[in-house]
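Residue numbers in the sequence shown follow the numbering used here, run continuously in steps of one, and reach 375 at the last position.
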Amino acid sequence: MVVAAGQGLRAGQPLPKQFARWRGKPVVRHSVEELAGAGVAPIVVVIPEGGEDLARTALAGIDVRLITGGKSRQESVRNGLEALELDGPDLVLIHDAARPGLSPAVIARLQATLATQSGAIPVLSVVDSLTHASGDMMGQPADRAQFRRVQTPQAFRFPAILAAHRAWTGEAHAGDDAQVAQAAGIAVALVEGDEALHKLTFAEDFAANAAPLVRIGTGYDVHRLAKGEDLWLCGIKIDHDQGLEGHSDADVAIHALVDALLGAIGAGDIGQHFPPSDPQWRGASSDRFLTHAANLIAEAGYAIGNVDLTIICEAPKIGPHREAMRARLAELLGVDIDAVSVKATTTEKLGFTGRGEGIAAQAAATLIRN
Numbered sequence: 006m007v008v009a010a011g012q013g014l015r016a017g018q019p020l021p022k023q024f025a026r027w028r029g030k031p032v033v034r035h036s037v038e039e040l041a042g043a044g045v046a047p048i049v050v051v052i053p054e055g056g057e058d059l060a061r062t063a064l065a066g067i068d069v070r071l072i073t074g075g076k077s078r079q080e081s082v083r084n085g086l087e088a089l090e091l092d093g094p095d096l097v098l099i100h101d102a103a104r105p106g107l108s109p110a111v112i113a114r115l116q117a118t119l120a121t122q123s124g125a126i127p128v129l130s131v132v133d134s135l136t137h138a139s140g141d142m143m144g145q146p147a148d149r150a151q152f153r154r155v156q157t158p159q160a161f162r163f164p165a166i167l168a169a170h171r172a173w174t175g176e177a178h179a180g181d182d183a184q185v186a187q188a189a190g191i192a193v194a195l196v197e198g199d200e201a202l203h204k205l206t207f208a209e210d211f212a213a214n215a216a217p218l219v220r221i222g223t224g225y226d227v228h229r230l231a232k233g234e235d236l237w238l239c240g241i242k243i244d245h246d247q248g249l250e251g252h253s254d255a256d257v258a259i260h261a262l263v264d265a266l267l268g269a270i271g272a273g274d275i276g277q278h279f280p281p282s283d284p285q286w287r288g289a290s291s292d293r294f295l296t297h298a299a300n301l302i303a304e305a306g307y308a309i310g311n312v313d314l315t316i317i318c319e320a321p322k323i324g325p326h327r328e329a330m331r332a333r334l335a336e337l338l339g340v341d342i343d344a345v346s347v348k349a350t351t352t353e354k355l356g357f358t359g360r361g362e363g364i365a366a367q368a369a370a371t372l373i374r375n
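So, in structure tokens, the structure goes:
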């Protein structure tokens with residue numbers, strides 16, 4: 006059973022949050038698809054009164070039964086259980102649609118536990134310190150080892166949880182089905198939950214997850230080699246009889262990498278942020294460009310997963326400087342050195358790089374949403 010009967014007003018969506026789109030599809034569809042994929046059947050979805058059209062659109066193509074909920078979550082669950090009784094199931098999973106990050110592993114753990122237990126719920130440890138509140142003041146500290154964060158789906162032997170809901174007096178608020186079960190004397194086992202099962206509650210939950218989990222950008226740059234110029238590559242000054250010409254220090258490798266990072270977040274290219282027509286960037290260290298791009302990535306809510314850079318030249322030899330280059334880029338980006346790859350190749354004497362007229366670089370960057 007998937008409980009999708011609430012109004013979801015705090016989520017700030019134009020329709021109840023369970024029918025709003027999240028990561029490309031309606032919220033309720035995520036968990037229903039996972040349950041169906043795990044072989045769970047029949048599936049009952051409890052919806053708000055008047056929500057039939059929204060539910061049918063959200064769940065098009067999936068074999069589900071729609072049941073109208075009640076005035077409270079407990080009443081909605083009972084309505085769903087009453088509808089399922091006709092099928093005579095042995096076990097039932099009761100899940101909140103607002104937790105779309107359901108995985109097959111959690112479903113399997115719950116099913117396995119019901120082989121020996123009457124009820125089971127997924128939980129997570131509490132990692133923050135806890136305190137009792139006395140109004141707006143701190144009260145006595147609480148031992149976090151005694152507490153768990155409770156998630157859904159919650160799994161029960163069907164006859165027992167149906168009887169528990171029928172016996173519930175409604176005199177107290179039932180936060181979840183485990184509380185209803187416990188009040189009826191049903192022992193509830195704890196199994197490992199999943200951080201991905203967090204509940205969508207507020208508008209920022211949707212805003213944060215509207216962005217893709219992973220983004221990829223690429224960059225390419227070329228600079229001419231000339232006498233009398235310093236040669237900077239990956240933030241390292243290299244002894245060579247020629248250097249690179251450019252408005253800044255002409256670090257072609259960093260320039261390609263900056264474009265890859267900016268491209269991954271749709272923030273244009275290096276020329277938009279540091280125009281060559283602007284005299285303040287004449288001779289500037291390209292380190293500044295790279296740290297600027299890294300800051301923009303953090304502001305966009307992403308972290309750098311890895312960067313991969315290829316320098317294309319006949320000379321100088323990159324191998325002797327490779328580890329120093331990786332270390333410098335890792336320092337500028339604030340990542341582990343293992344996240345930085347620097348490679349080199351030639352064009353077998355072909356083209357401008359083969360003739361030693363310039364150096365080219367291409368880069369790729371992967372970003373992960375924080």
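All C-beta atoms in this analysis are idealised placements derived from N, C-alpha and C, irrespective of residue type, glycine included.
Treat the numbers as computed from the prediction; the structure is a model and nothing was measured.
Pair within 9 angstroms by beta-carbon distance, residue i and residue j
i, j, result
"residue 364", "residue 252", "no"
"residue 51", "residue 72", "yes"
"residue 103", "residue 37", "no"
"residue 224", "residue 263", "yes"
"residue 241", "residue 321", "no"
"residue 2", "residue 202", "No information on residue 2 is available, as it lies outside the stretch 6 to 375 that the chain covers here."
"residue 340", "residue 327", "no"
"residue 160", "residue 81", "no"
"residue 155", "residue 126", "yes"
"residue 158", "residue 115", "yes"
"residue 47", "residue 21", "no"
"residue 23", "residue 175", "no"
"residue 316", "residue 272", "no"
"residue 323", "residue 236", "no"
Chain-order list of residues whose beta-carbon lies under 8 angstroms from that of residue i (same chain, five-residue window excluded)
i, result
"residue 362", "229 and 230"
"residue 187", "193"
"residue 234", "247, 248, 249, 250 and 255"
"residue 67", "34, 37, 38, 41 and 48"
Environment of residue i [buried if 16+ CB atoms lie within 10 Å]
i, result
"residue 118", "buried"
"residue 6", "buried"
"residue 219", "exposed"
"residue 355", "exposed"
"residue 285", "exposed"
"residue 291", "buried"
"residue 133", "exposed"
"residue 3", "There is no way to answer for residue 3, as the model of the chain reaches only from 6 to 375."
"residue 91", "exposed"
"residue 74", "buried"
"residue 279", "buried"
From the options, residue whose alpha carbon lies closest to that of residue i
i, options, result
"residue 166", "124, 136, 39 and 156", "124"
"residue 69", "85, 314 and 81", "85"
"residue 4", "113, 366, 211 and 25", "This structure gives no information on residue 4, because the portion of the chain shown stretches from 6 to 375."
"residue 329", "301, 318, 343 and 319", "343"
"residue 111", "300, 101 and 197", "197"
"residue 149", "168, 44, 136 and 335", "136"
"residue 298", "91, 277 and 66", "277"
"residue 152", "141, 140, 146 and 131", "131"
"residue 334", "351, 59, 314 and 353", "314"
Sequence-distant residues of the same chain with beta carbon closer than 6 angstroms to residue i, five excluded per side
i, result
"residue 295", "259, 263 and 337"
"residue 370", "222, 265, 266, 269 and 312"
"residue 83", "170"
"residue 49", "6, 70, 72, 85, 88 and 89"
"residue 199", "108 and 111"
"residue 195", "128"
"residue 179", "79 and 185"
"residue 318", "358 and 364"
Sequence-distant residues of its chain with Cβ nearer than 7 angstroms to residue i (five each side left out)
i, result
"residue 375", "306, 307 and 308"
"residue 34", "63 and 64"
Contact belief for residue i with residue j at Cβ below 8 angstroms, rounded distance in angstroms
i, j, result
"residue 332", "residue 261", "Rounded, the Cβ-Cβ distance is 18 angstroms, inconsistent with contact."
"residue 372", "residue 302", "6 angstroms"
"residue 172", "residue 189", "6 angstroms"
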